[in-house]
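According to our numbering, the sequence shown is numbered sequentially starting from 4.
All C-beta atoms in this analysis are idealised placements derived from N, C-alpha and C, irrespective of residue type, glycine included.
Source: prediction; values computed, not measured.
Here the structure comes first, spelled out in structure tokens, and everything after it is commentary.
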Amino acid sequence: MVILVISNNFFVLFFGWEGVGLCSYLLISFWSTRIQSIKSANKALFVNKLGDSCLLIAISAIFYTFNSLDFYTVFSLAFQYQFKNLTILWFEIPVLTFISFFLVLAAMAKSAQIFLHTWLPDAMEGPTPVSALIHAATMVTAGVFLIIKCSFIIEFSKSILIFMVYVGIITSVLSGLIGFFQYDIKKIIAYSTCSQLGYMFFSCGLSAYHLSLFHLFNHAFFKSLLFLSAGSIIHCVSNEQDIRKMGGLFKLLPLSYVSILIASLSLSGLPFLSGFFSKESILELSYLKLCNEEYYYLFFFSLFSIGLTTAYSAKLLFFCFFSKNVSFKAYFTKIREPLTFFTVFTLVFLSLCSLFSGFFFQFFFSRNNFFFQETIFFLDNHASVFSISDINYYSYLSIKDYFARLWALCNYLIVLYSFVIVINFLYLYSLFFFCYEKKINFGLFDHVFYKKNNSDFYLYLQIHTFFSKNLFIDNIYNYLSLHIYKFGYSIFLNLDKGLFELLGPTGLFNFFFYVSHSFNKASQSGIIYKYTFSILINIVLIFTLFFFKWYT
Numbered sequence: 004m005v006i007l008v009i010s011n012n013f014f015v016l017f018f019g020w021e022g023v024g025l026c027s028y029l030l031i032s033f034w035s036t037r038i039q040s041i042k043s044a045n046k047a048l049f050v051n052k053l054g055d056s057c058l059l060i061a062i063s064a065i066f067y068t069f070n071s072l073d074f075y076t077v078f079s080l081a082f083q084y085q086f087k088n089l090t091i092l093w094f095e096i097p098v099l100t101f102i103s104f105f106l107v108l109a110a111m112a113k114s115a116q117i118f119l120h121t122w123l124p125d126a127m128e129g130p131t132p133v134s135a136l137i138h139a140a141t142m143v144t145a146g147v148f149l150i151i152k153c154s155f156i157i158e159f160s161k162s163i164l165i166f167m168v169y170v171g172i173i174t175s176v177l178s179g180l181i182g183f184f185q186y187d188i189k190k191i192i193a194y195s196t197c198s199q200l201g202y203m204f205f206s207c208g209l210s211a212y213h214l215s216l217f218h219l220f221n222h223a224f225f226k227s228l229l230f231l232s233a234g235s236i237i238h239c240v241s242n243e244q245d246i247r248k249m250g251g252l253f254k255l256l257p258l259s260y261v262s263i264l265i266a267s268l269s270l271s272g273l274p275f276l277s278g279f280f281s282k283e284s285i286l287e288l289s290y291l292k293l294c295n296e297e298y299y300y301l302f303f304f305s306l307f308s309i310g311l312t313t314a315y316s317a318k319l320l321f322f323c324f325f326s327k328n329v330s331f332k333a334y335f336t337k338i339r340e341p342l343t344f345f346t347v348f349t350l351v352f353l354s355l356c357s358l359f360s361g362f363f364f365q366f367f368f369s370r371n372n373f374f375f376q377e378t379i380f381f382l383d384n385h386a387s388v389f390s391i392s393d394i395n396y397y398s399y400l401s402i403k404d405y406f407a408r409l410w411a412l413c414n415y416l417i418v419l420y421s422f423v424i425v426i427n428f429l430y431l432y433s434l435f436f437f438c439y440e441k442k443i444n445f446g447l448f449d450h451v452f453y454k455k456n457n458s459d460f461y462l463y464l465q466i467h468t469f470f471s472k473n474l475f476i477d478n479i480y481n482y483l484s485l486h487i488y489k490f491g492y493s494i495f496l497n498l499d500k501g502l503f504e505l506l507g508p509t510g511l512f513n514f515f516f517y518v519s520h521s522f523n524k525a526s527q528s529g530i531i532y533k534y535t536f537s538i539l540i541n542i543v544l545i546f547t548l549f550f551f552k553w554y555t
């Protein structure tokens, strides 16, 4: 990851990019004797190879266009190529759009965006500290980092920016919905990572790369805290990961409970925690930009994504700590908090960072003190509106500053509105939890619920199945892969056993065998006068050859 970050050209960056993928493959398959672990590692490697191929195409196009792979050279010359086209077959494509498209595809595979996200939940087969590393600091963040790093190129392609907005918001909403219907504690957090990465892509599509980097920075703390706290719980309950089999851990695991509570509240964007400063800035920016351009639905989807974040966080807390424990009493009484020095120090340190990192580091990401102005680029017309937190509230002596402050205070209603949505989702989920979840998960069915004519409950089961099975994307991929392999097998089997064999080894063997067999049959007949005639013919040919050579 260090090589990826400190590289000064695309060639070295690609080495770091590949190294991150290789290390993730090795870490996911840590338990090499488990078949599912090996399958998950292979799946992660295969999906990321698609992204690596796209990055190679982008790097090749960059070298073809700029005759250099150095960041300083490429980024300095990018604006001169914004109207240049690249000819591919009979099509004229803007060269920067072509490069940006494959850079974004590479980032989508690495950062687990929608339809390329299937490897991330399966990566939970690795140890929990490995999951914390992959989700918080290394693997999945590399794609977002690449987008931010290449802002000098992507910023000149408006179509790619719109594409990133849609990809990000669709990923954020669908991953939140899938995570809401999961019951594996690590998979809930994994889909949460997908949702937050989608939010970062959404921010990059709005040309707010600095806010995306800010959220990436804050996200590292509370996501690693979530995973390590979940690992502590899994260790205490004998490696059980199904939250339906947990419950009542509030008094038994107080440190884990406080850690997950802080991380979940920060993830949900509770005011004045670290996630609030980055998520709300993105939300305010999306309101100011999208509503002015009449893309209201995208703004409401971003609000809905925040509500889903709170919903699955509340679900995790309910099931792990407040629901009724259904395990045996002897098993339940053996649960103890692992209060070793390193465990306590790590959880406490990450809890403090999840509480205060946003407040202390917002200075580096505001417009007035833009720390990354030499390394992040956005066009003036794309960055005309920034987060309202950049407005100086203490200089409102003039009429202009007064109206700016008034406009900022009006926009703070967005913060209040999002907070109300969070509370509403908590209330709705509590109703859902007490009305349905206990009946479904703890075996307290009533015979009425089994009847399919109960349309509401049957519809809920269909929705539950659809989202809990990851939108059946894995099934679709398996079906397509199977038929593609069968089609390829039938085609290449006919070619290999037919045309290639006929023109290749089998055909040549049959030809020479027929010729030699015919010659052998003609010459080895067993009749003396035929042998004499053959000898005579050979003597005549030899004398003819010598005579011809002597004459010439």
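Same chain only: Cβ atoms within 8 angstroms of residue i, ignoring 5 sequence neighbours per side
{"i": "I542", "result": "none"}
{"i": "L119", "result": "V50, L53, G54, M111, A112"}
{"i": "V8", "result": "G19, F148"}
Nonlocal neighbours in the same chain, by C-beta distance under 7 angstroms from residue i, ignoring five residues either side
{"i": "Y453", "result": "Low confidence applies here, because Y453 scores a pLDDT of 43, under 50, leaving its location unreliable; read the following figure in that light. Nothing meets the Cβ criterion."}
{"i": "L99", "result": "A81, Y84, Q85, I156, F159, S160"}
{"i": "Y28", "result": "A44, A47, L48"}
{"i": "F101", "result": "A64, L89"}
Buried/exposed call for residue i, threshold 16 Cβ in 10 Å
{"i": "K455", "result": "With a pLDDT of 45 at K455, under the threshold of 50, the predicted position of this residue should be treated as unreliable, though the coordinate-derived value follows. Exposed, because fewer than 16 other Cβ atoms sit within 10 Å of the Cβ of K455."}
{"i": "S390", "result": "Summary for S390: the model assigns pLDDT 39, below 50, so the residue's position carries little reliability, and this model does not support an answer."}
{"i": "I402", "result": "Note that I402 scores a pLDDT of 49, beneath 50, so its modelled location is shaky; the value from the coordinates is reported in the next line. The residue is exposed, with fewer than 16 neighbouring Cβ atoms inside 10 Å."}
{"i": "W20", "result": "buried"}
{"i": "V133", "result": "buried"}
{"i": "N513", "result": "exposed"}
{"i": "H520", "result": "exposed"}
{"i": "N510", "result": "Note that residue 510 corresponds to Gly in the displayed sequence, not to Asn. So G510 counts as exposed."}
{"i": "F245", "result": "Note that residue 245 is Asp in the sequence shown, not Phe. D245 comes out exposed."}
{"i": "H486", "result": "exposed"}
{"i": "Q39", "result": "exposed"}
{"i": "W34", "result": "exposed"}
{"i": "L505", "result": "exposed"}
{"i": "W122", "result": "buried"}
{"i": "S79", "result": "exposed"}
{"i": "G491", "result": "exposed"}
{"i": "D125", "result": "buried"}
{"i": "N473", "result": "buried"}
{"i": "G179", "result": "buried"}
{"i": "L252", "result": "buried"}
{"i": "E95", "result": "exposed"}
{"i": "S175", "result": "buried"}
{"i": "Y202", "result": "buried"}
{"i": "S241", "result": "exposed"}
{"i": "P97", "result": "buried"}
{"i": "F280", "result": "buried"}
Close Cβ partners of residue i (< 6 angstroms) along its chain, the five nearest in sequence each way excluded
{"i": "I62", "result": "F13"}
{"i": "F184", "result": "H467, F470, S471"}
{"i": "Q199", "result": "H222"}
{"i": "S360", "result": "N221, F224, S277"}
{"i": "F368", "result": "H213, F217"}
{"i": "G250", "result": "S326, K327, N328"}
{"i": "I188", "result": "A233, Q244, I246"}
{"i": "A266", "result": "F225, L228, L229, S357"}
{"i": "F536", "result": "none"}
Of the residues the options, the one placed nearest residue i, counting alpha carbons only
{"i": "F381", "options": "F549, I41, I151, P132", "result": "I151"}
{"i": "F325", "options": "Y532, F33, P257, L293", "result": "P257"}
{"i": "A145", "options": "L123, S114, T76, K500", "result": "S114"}
{"i": "S56", "options": "F17, L136, T121", "result": "F17"}
{"i": "M167", "options": "F217, F105, N88", "result": "F105"}
{"i": "V107", "options": "T68, S162, G129, I137", "result": "S162"}
{"i": "C153", "options": "A109, I476, Y315", "result": "A109"}
{"i": "M4", "options": "Y186, N242, M142", "result": "M142"}
{"i": "V261", "options": "F204, F352, G24", "result": "F352"}
{"i": "H138", "options": "P508, I172, V23, L502", "result": "V23"}
Counterpart residues of residue i in DSSP-defined beta bridges
{"i": "D3", "result": "Here the chain covers residues 4 to 555 and nothing more, so residue 3 does not appear."}
{"i": "N12", "result": "D73"}
TODO: Within the region 56 to 107, note down every full beta strand (DSSP E) run reaching 3 residues or more, in order along the chain.
DONE: Whole beta strand (DSSP E) segments, 3+ residues: 88 to 91, 94 to 97.
- [ ] Output the residue ranges of the alpha helix (DSSP H) runs that lie fully inside the region 270 to 303 and measure 4 residues or longer, sorted by chain position.
- [x] If we require 4 residues or more, the alpha helix (DSSP H) runs fully inside the region 270 to 303 come out as 277 to 293.
Open item on the list: Restricting to runs no shorter than 4 residues, where is the alpha helix (DSSP H) found entirely within the region 99 to 176?
Closed with: Listed in chain order, the complete alpha helix (DSSP H) runs (minimum 4 residues) inside the region 99 to 176 are 122 to 125, 131 to 139, 144 to 152, 154 to 157.
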